[in-house]
Amino acid sequence: MPLVEHLRELRNRLAKGVLAIIIMMIVAAFFYESIINFFTKPILQTVGCDSLFTELAKQHTGRCANIVMMDLLGPFTLALKVSLVSGVILAAPVWLYQLWAFLAPGLHSREKKYALSFVGVGFPLFVAGAYFAYKVLPTTARVLIDFTPPGVDNLLTLDKLLDLITRMVVVFGLSFELPLLLVMLNFAGILTGQRMLGWWRGMVMGITVFSAIATPSTDPVTMLLLAAPICVLYFGAVLIALSRDARRRRREDAGPSDDEASELDLTPEPIGAMKPVGAPAELPEQASGPGDDRSHRGELDDVT
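Given below as structure tokens:
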């Protein structure tokens, strides 16, 4: 298609994706309180002051916190933010399909297969990372609240708390995508499995440090709950890369199949020194012969 047709198709597919987001945003607006409770309930159960005073008095350690809103427009703004984010997530199948439908005609069948495989694996990995973040958040909140000095109340603004939860979910979800990124680089021929295996010490150390920062808890079990799955996924990616490299070497050793063209060596080679080549003084039809008269040429050269 010409450029104008491509732009028109892109406009139509973007409009469909935005329309799906708006519809799901309106639907989520009716349930935004349930969505907020879903994310804040684990933290409230951990650090919330929802117990009786007699029960709190028996607790010799730990602090409690109250979740509040700070300004008049805060609840309305929060409702819009939660509805918008929920609409984007719920409408993800629609706008992802529109994006795929726009890009798919420019891909070969093999590229389409790889792309669908990576998307099919990447989505469960992201969901697994988000689930770990949701489970780690209560422990993280408890440890952070314990730093509160005695006699000081904790007021947690709801919008900032939801921003923290969103960042944690995104960071954990993307961290689980690291093995998939390594496998993609191996499939593209940029990174070999042997090199990935040589990085295992640095990768394990980096994953451990990242887990310690992402889960600010003194409990080593919580840190290992995040570090261990990522390490397992990393070594799984190394095994996949090594297996693919081995198949690639066997295929190269076997040579091209009957329907494949062999690779040509197009490296230029030196041509050596130039050698002079002799040439006749005259053209063949102007060569001397019986009855040949040169007076009509006027002492001109052969070409003239």
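The numbers in the working numbering rise by one with no breaks, and the one at position 144 of the sequence shown is 144.
We put the CB at the ideal spot given by N, CA and C, even for glycine.
Exposure label - residue i; buried when at least 16 CB within 10 Å
i: HIS60; result: Residue placement at HIS60 cannot be trusted, given a pLDDT of 46 that sits under 50; the coordinates are not used to answer.
i: ALA214; result: buried
i: LEU125; result: buried
i: ILE26; result: exposed
i: MET205; result: exposed
i: LEU3; result: exposed
i: ILE43; result: buried
i: GLN194; result: exposed
i: SER117; result: exposed
i: ALA188; result: exposed
i: GLY169; result: The sequence as given places Val at residue 169; Gly does not occur at that position. The residue in question, VAL169, is buried, as its Cβ has 16 or more Cβ neighbours within 10 Å.
i: PHE76; result: exposed
i: LEU7; result: exposed
i: GLU5; result: exposed
i: GLY106; result: exposed
i: LEU161; result: buried
i: ALA241; result: buried
i: MET24; result: buried
Pairwise C-alpha distance: residue j and residue i
i: ILE67; j: ASP163; result: 14 Å
i: SER86; j: MET70; result: 23 Å
i: SER175; j: GLY272; result: 57 Å
i: ILE35; j: ALA254; result: 58 Å
i: PHE53; j: GLY151; result: At PHE53, the pLDDT of 44 sits below 50, so the modelled position is not reliable; the number obtained from the coordinates is stated separately. Their Cα atoms are separated by approximately 15 Å.
i: LEU306; j: LEU80; result: With the chain running from 1 to 304 in the structure shown, residue 306 is simply not present.
i: THR139; j: ASP245; result: 42 Å
i: ALA91; j: PHE38; result: 19 Å
i: GLU9; j: THR148; result: 56 Å
i: TRP199; j: PHE172; result: 22 Å
i: MET203; j: LEU185; result: 16 Å
i: THR40; j: ALA133; result: 13 Å
i: MET1; j: GLN98; result: 18 Å
i: ARG249; j: LEU239; result: 15 Å
i: LEU84; j: LYS135; result: 24 Å
i: TYR234; j: ILE165; result: 25 Å
i: ARG167; j: ALA115; result: 27 Å
DSSP state of residue i mapped onto helix, strand, coil
i: ALA65; result: strand
i: PRO75; result: helix
i: GLU269; result: coil
i: VAL277; result: coil
i: HIS6; result: helix
i: GLU111; result: helix
i: GLY200; result: Correcting the residue identity first, residue 200 is Trp in this sequence and not Gly. It is helical.
i: ASP146; result: coil
i: ILE240; result: helix
i: VAL252; result: Before going further, note that residue 252 is Glu rather than Val in the sequence given. Looking at GLU252 - three-state DSSP - the assignment turns out to be helix.
i: ALA325; result: With the chain covering 1 to 304 only, the question about residue 325 has no answer from this structure.
i: THR40; result: helix
i: PHE210; result: helix
i: ALA188; result: coil
i: MET1; result: coil
i: LEU233; result: helix
i: PHE30; result: coil
i: LEU161; result: helix
i: PHE176; result: coil
i: LEU264; result: coil
Bridge-paired residues (DSSP) for residue i
i: LEU155; result: ASN66
Short Cβ contact (8 Å threshold) for residue i with residue j
i: TRP100; j: ALA20; result: no
i: LEU78; j: ASP159; result: yes
i: ARG142; j: THR208; result: no
i: ALA122; j: LEU180; result: Note on residue identity: the sequence assigns Gly, not Ala, to residue 122. It is a contact, given that the beta carbons lie within the stated cut-off.
i: LEU182; j: LEU191; result: yes
i: SER211; j: ALA227; result: yes
i: VAL82; j: TYR131; result: no
i: ALA28; j: ILE145; result: no
i: ILE230; j: LEU178; result: yes
i: PHE102; j: ARG11; result: no
i: ALA104; j: LYS113; result: no
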